[in-house]
Amino acid sequence: MEWGISLKFNPVAPGCDKSVDQCPSGSIARYCRHFEFSNLRHPFSTLVLNVLDYYHVSFGQIHPKGMAIVLHLEVLCRASGYDPSLLLFRRFFRLAKNGDWLTFETSKVDTCLISSMVTTLGAWKDRFFWVSESIVPFKMMWRHPDAVLNEPEPSESDLNDCFPKAIRQCPLRVRPFPEHLLVLLGISKLWDKPDRDPFLMRSG
20 MEWGISLKFN
30 PVAPGCDKSV
40 DQCPSGSIAR
50 YCRHFEFSNL
60 RHPFSTLVLN
70 VLDYYHVSFG
80 QIHPKGMAIV
90 LHLEVLCRAS
100 GYDPSLLLFR
110 RFFRLAKNGD
120 WLTFETSKVD
130 TCLISSMVTT
140 LGAWKDRFFW
150 VSESIVPFKM
160 MWRHPDAVLN
170 EPEPSESDLN
180 DCFPKAIRQC
190 PLRVRPFPEH
200 LLVLLGISKL
210 WDKPDRDPFL
220 MRSG
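Heads up: the sequence shown is residues 20 to 223, going by this note's numbering.
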């Protein structure tokens, strides 16, 4: 069960002559790097689903760095003891174009929550697979390239005051995290020790 994706969702490798936008009827495309680099796991989190639904964008249109930013906010929030929200995401990040793909970048109205990010991911564009569209609880949209990218960011008064203050204090490098940390934060359920819970130890 790779990355939490059960065989009931019929994951299938496409033919060598297929591109990501040639998805069979009833399926959606998934990039392997979304899982390997971006920390995405199934079941997909509420934040991931809300972001895709709000922006009317499909998984196959999102650059792995963009998907990593969505999970980056989730990691920061959960490590700080808060539940992430679409409103908070829109305060700190905005949709942007990256060549033929879409990504997310830091908004202009608040603190940057990213201390650094890798500059290259190597070959990733041809590493994708099909999976049943039933893996997502709503009909995914393939966003039109000419659609307006963003609405105005939420004002700070719309947010819980303590929440943004907590995560502003800990900008973090965007990178893959070990599985046990994702399990501890509730992002992954891939834990093969049902009689034990993961925990973190601080040296010193």
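For every residue, glycine included, the Cβ atom is placed at its ideal position computed from N, Cα and C.
In DSSP terms, what residue i is bridged to
i: I47; result: V150
i: R192; result: S135
i: A115; result: T122
i: I186; result: The partner list for I186 (beta bridge, DSSP) is empty, contrary to what the question assumes.
i: I81; result: L121
Endpoints, alpha helix (DSSP H) assigned at residue i
i: C35; result: It is not in any alpha helix (DSSP H) - C35 carries neither H nor E in the DSSP assignment.
i: N58; result: Unbroken run through N58: none, as it is neither H nor E.
i: Y101; result: Neither: Y101 is in no alpha helix (DSSP H) and is coded neither H nor E.
i: D177; result: D177 -> no alpha helix (DSSP H), and no H or E assigned at all.
i: N1; result: The structure shown does not extend to residue 1, since the chain spans only 20 to 223, so no value can be given for it.
i: E198; result: 198–203
i: N209; result: The question names Asn, yet the displayed sequence has Leu at residue 209. Per DSSP, L209 belongs to no alpha helix (DSSP H) and is neither H nor E.
i: V128; result: Taken as a continuous stretch (DSSP letters only), V128 belongs to no alpha helix (DSSP H), as it is neither H nor E.
i: L71; result: 65–74
Neighbourhood of residue i by C-beta distance below 7 Å, restricted to the same chain and skipping five residues each side
i: A98; result: L204
i: P190; result: C131, L132, I133, S134
i: S64; result: E93, I206
i: F157; result: D72
i: H199; result: P217
i: F28; result: V150, S151, S153, I154
i: L95; result: L132, I186, C189, L191
i: D177; result: L106
Spatial neighbours of residue i in its chain, beta-carbon cut-off 6 Å, leaving aside the 5 residues before and after
i: V202; result: W210, P217
i: G223; result: Note that G223 has pLDDT 45, beneath the 50 cutoff, so the model's placement of it is unreliable and the number below is only indicative. So no residue of the chain qualifies.
i: D129; result: R110, F111
i: L168; result: L114
i: L66; result: E93, P103
i: N117; result: H82
i: R187; result: T130
i: A32; result: F148
i: M136; result: V193
Beta-carbon proximity list for residue i, same chain, < 8 Å, skipping 5 on both sides
i: K208; result: G23, R60, P62, V202
i: Q80; result: W120, L121, W161, R162
heavy atom of the ligand COA below 7 Å from residue i C-beta
i: L105; result: What this structure holds is no ligand at all, so the ligand COA is not there to describe.
Touch test, the region 122–129 against the region 99–111, Cβ-Cβ under 8 Å, three pairs minimum: yes
Three or more C-beta pairs below 8 Å linking the region 90–105 and the region 141–154: no
Contact between the region 178–190 and the region 71–85 (3+ Cβ pairs under 8 Å): No: fewer than three Cβ pairs fall under 8 Å.
The region 88–96 touching the region 56–71, judged by at least three CB pairs closer than 8 Å: yes
Stretch-stretch touch, CB-based, cutoff 8 Å, three pairs: the region 48–66 with the region 145–155: Verdict: yes, contact present.
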